[in-house]
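> The structure's right below; bear with me while I get my questions together.
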Amino acid sequence: MKLALIFPGIGYHADKPLLYYSTRLARNAGFDTRTIQYAPFPDDALGSRERMIECVRQALDAAEAQFGSIDFTQCEELLFISKSIGTAVASLFADRHGLTPFHFYFTPVDASLPRLQPRGIVFHGTADPLATTDLVAETCREKELPLHLTGHGNHSLETGQVLDDVRELRHILELCEHYLKTL
157 MKLALIFPGI GYHADKPLLY YSTRLARNAG FDTRTIQYAP FPDDALGSRE
207 RMIECVRQAL DAAEAQFGSI DFTQCEELLF ISKSIGTAVA SLFADRHGLT
257 PFHFYFTPVD ASLPRLQPRG IVFHGTADPL ATTDLVAETC REKELPLHLT
307 GHGNHSLETG QVLDDVRELR HILELCEHYL KTL
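Using my numbering, you'd call the opening residue of the sequence shown number 157 and step up by one each time.
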């Protein structure tokens, strides 16, 4: 079985472009997909490091409840697609279960960087207020993770220039598709 687990962010749900289309690519590549459902997060969840850590704990509990009983030994290929704090949840879940999935890390937050696993690709916007570009780049170098930067991209990898954003989304998805073909 080929399995892809989807770990959305706090306000970036699975029906938004990065997760929606990367999940469709995974399905087209023969992966079964499952998306974690979180309980509602507080409105100010991204307002402080402490709140974010509490949200990660809450989301990790949800991941355990929803994905913890999966027999991962039956997976010939495992893919984690994550966004924002979902990158921390995905990495913690993988560590806890001794898993080494391939990751699509969409806009990891600074707090999740130490936990990133070395098998995957990272996507980051240089205008993302929740992650420092230099720290993301340094982490990717240390972990030998490919890094794709979206110039002037925010936490959704958008710049405000619609047609440029659509072209960038296509490029990001082409990179994801390329990596799926190598699995």
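Each residue gets a CB set at the ideal place from its N, CA and C atoms; glycine is no exception.
Keeping to the same chain, check which residues put their C-beta closer than 8 Å to that of R207; ignore five residues upstream and five downstream.
Locating residue 207 in the sequence shown gives position 51, where the first residue counts as 1. Excluding residues within five positions, the ones whose Cβ falls inside 8 Å are P198, D200 and A201.
> My guess is that Y176 and A170 are in contact by the Cβ rule of under 8 Å, so how many angstroms apart are they, rounded?
Translated into the one-based positions of the sequence shown, residue 176 becomes position 20. Translated into the one-based positions of the sequence shown, residue 170 becomes position 14. Contact holds; Cβ gap of about 7 Å.
> Work out the CA separation of A218 and T295 for me, nearest whole Å.
To locate residue 295, count along the sequence shown from 1; it is residue 139. To locate residue 218, count along the sequence shown from 1; it is residue 62. Their Cα atoms are separated by approximately 27 Å.
> On the three-state DSSP scale, how would you describe F361?
With the chain represented from 157 up to 339, any question about residue 361 goes unanswered, as that position is not in the structure.
> For a minimum of 3 consecutive residues, which ranges assigned as the beta strand (DSSP E) are wholly contained in the region 254-334?
For the region 254-334, whole beta strand (DSSP E) runs of length 3 or above, ordered along the chain, are 258-262, 276-281 and 303-306.
> Which residue from I277, G167, L286 and D290 puts its Cα closest to that of L336?
As a first step, residue 336 must be located in the sequence shown, where it is residue number 180. Ranking the options by Cα distance to L336, first place goes to I277.
> Do the region 210-217 and the region 225-236 touch if we need at least three Cβ pairs shorter than 8 Å?
These segments do not touch.
> Go ahead and label I209 buried or exposed: buried means 16 or more other beta carbons lie within 10 angstroms of its beta carbon, across all protein chains shown.
Taking the first residue of the sequence shown as position 1, residue 209 is located at position 53. Flag for I209 reads exposed.
> Consult DSSP for E233 and reduce its assignment to one of helix, strand or coil.
Numbered from its first residue, the sequence shown carries residue 233 at position 77. E233: strand per DSSP, three-state reduction.
> Can you tell me whether D188 is helix, strand or coil according to DSSP?
One-based indexing of the sequence shown puts residue 188 at position 32. In this structure, D188 counts as strand in the three-state DSSP scheme.
> Which of the three DSSP states, helix, strand or coil, is assigned to S178?
Translated into positions along the sequence shown, residue 178 becomes position 22. Three-state result, S178: helix.
> Taking only three categories from DSSP, how would you classify L159?
The residue you call residue 159 lines up with position 3 of the sequence shown. In the structure shown, L159 sits in a strand (DSSP, three-state: E or B).
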